[in-house]
Every structure is written in C-alpha cells, then in structure tokens.
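A.B. asks: The structure follows.
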Amino acid sequence: MSQLQDAVAHATSPAAHLPTARYAPHRPERTLLYSLVQAHWPDFLARREVEDRSLPEYVREEFETYLR
C-alpha cells in the first residue's frame, strides 16, 4: 500500500474523526437541582400522602436512588 493509500485509509476510518475523550465524573450532589430536590423531597412526599395522591413506586425509587 502506498503512503497516499495509507493516509486515505486512516483519514476515512471512523475512529479518525472521534476526539479523544477523558472521563469526568459527574457530581450531581454539587448542583442546585440536587440541593433543591434533597431539601424539598420529604415535604413533597408528605404533602402527596396527606392529599392521598401517592407517587408510583418507580418514581419514588428513582428519586431515592438519585439522592443517595
């Protein structure tokens, strides 16, 4: 294979166009959204129970998991 063919093969390969990514861990506990949910979640649940309007279990589980 010639140098030109090598260059074309490399430039057209799918990986040639992908930037090198570094993993940056997410820190949801440092966000405004997290602090608001954490602060108001217990009161929100209590109010829903008083109104006899409980949330589906999967919604509760997702929020509890988010807050861990």
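Residue numbers (full-length UniProt numbering): 1 to 68. From the three backbone atoms N, C-alpha and C, an ideal C-beta is built for every residue, glycine too. Here the structure is a predicted model, which is why all the values come from computation and not from measurement.
#1: Within this structure, are the beta carbons of Pro42 and Tyr66 separated by less than 8 angstroms?
#2: With H, G and I counted as helix, E and B as strand and the rest as coil, what does DSSP make of Glu51?
#3: Does DSSP put Thr31 in a helix, in a strand, or in coil?
#4: I'd like to check one pair, Ser54 with Arg48: are the Cβ atoms closer than 8 angstroms?
C.D. replies: Answer, in terms of the structure:
#1: Counting from 1 along the sequence shown, the entry for residue 42 is found at position 42. Counting from 1 along the sequence shown, the entry for residue 66 is found at position 66. Going by C-beta atoms, Pro42 is not nearer than 8 angstroms to Tyr66.
#2: Mapped onto the sequence shown, residue 51 falls at position 51. Reduced to three states, the DSSP call for Glu51 is coil.
#3: If you number the sequence shown from 1, residue 31 lands on position 31. Coil.
#4: Numbered from 1 along the sequence shown, position 48 holds the residue referred to as residue 48. Numbered from 1 along the sequence shown, position 54 holds the residue referred to as residue 54. Going by C-beta atoms, Arg48 is nearer than 8 angstroms to Ser54.
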